[in-house]
Every structure is written in C-alpha cells, then in structure tokens.
C-alpha cells in the first residue's frame, strides 16, 4: 500500500470509531506486515516533521517581518534625513554672509556718504542669543536733507549682501533752533529766503544675525 493510500484512509477515519479498535488485532496484523510498520512510522515522522517545520517557518517568518519593518523604517528615516540635509544645505548656501558690528558700522557709514545722510550717533551694540542664532543690534540717529535720501539709505541697508536687517525706524521733521518759537507772518516770509529748509531726522534699529556653528 502506498503512502498516499494510507493518508487517504487515515483522513476517512472517524474519531468515534477509534474507540472500537481492537488493539490486539492491530498488533497481530502489524507483526505479519512489517512494511506497514515502516510506512506508518514514515508517515508519523513526516507529519511530525512537517508540523515542526511549519512552526519554525512561522517563527522565522515573523522574525523576517520584524526585520523588514525595521529596515523599512530605517530606510524611510534615511530618505527623510537625506531630504532634510539637502534642504539645510540649500538654506545655508542662500543665507547671507555674516558681518561683525565693527564692520557693520563701516558699511553703514559708507551707505550714509553715498546717500548724503549724516550719521549723528551710534548706540552701543546689544546682543541676544538663541540655541541657533546670535543677534547684535545697534541704534543710529541720522539726519538727511531730503526724505528720498533717507529712504535710499534704508534701502541700501536692507539690500546689502550681509545677514543684516532693519528692525524698526522712525522719522520726524527737524526744523532746527533758528526756526523755533513764534513769528509774525512778515518775519516768517522774510526769513524764508535766508533760512535752511527743515531736515529729516531718523532713528534706525539695525540687527546683524549670525548662525551658531
């Protein structure tokens, strides 16, 4: 009898019928047919081995799933890190050149000369730090004869190829001491030709930004 036939017969066995099996008769039959004993032993070994292999495969498959998940997460993290690294490199490449306060005052003085703006005073620099940046600010007081000169001066600062920015600024008309006090209409008209026109006075807060390394 082939193994296939034995398996088919075993599949057709009803569990309830096993209670009625005569063990002694089975033993007598097996003694007379040694090839049947070998077949049954091989079948049991195959079934047991198959169950072991299936259990081992399930365990190995689960471990493989875990490894695949782990490597997938690492790959995704690496891809995200690559993208972020590229963005950071672009940000750093586009970030303006840093400038120290001493050089900043020289640059501002040059802009003022170009725009006919008179710098009256510089305040001492104030420094603030965060985890990633260092910001130094100065206040300057300036005077310009024309409003457009002041605007051009401020624009030069904002468009400079350095990591600086205008934080705030205010402007007002400065009439000077000769024009202070009350006058009659005739006195005012007589003085128009001899007195200077009012100038523009401004206070500007400028910040220099540097990234910490």
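In the working numbering, the protein residues as written are -16 to 196. Where is the CB? At the ideal position from N, CA and C, for every residue including glycine.
Boundaries of the alpha helix (DSSP H) harbouring residue 132: 130 to 141, taken from the DSSP string. Separation of residue 144 and residue 79 (C-alpha to C-alpha, rounded to the nearest whole angstrom) is 6 Å. For residue 147, the closest of 187, 99, 58 by C-alpha to C-alpha distance is 187. For residue 123 and residue 132, the gap between their C-alpha atoms comes out near 16 Å. Taking C-beta separations shorter than 6 Å and ignoring five residues to either side along the sequence, the partners of residue 190 in its chain run 118, 120, 148, 150, following chain order. Residues 105, 121 of the same chain have their beta carbon placed closer than 8 Å to that of residue 88, with the five preceding and five following residues left out of the count.
Within the model, the alpha-carbon separation for residue 100 versus residue 84 is close to 20 Å. According to the DSSP assignment, residue 182 belongs to the beta strand (DSSP E) that extends over 182 to 194.
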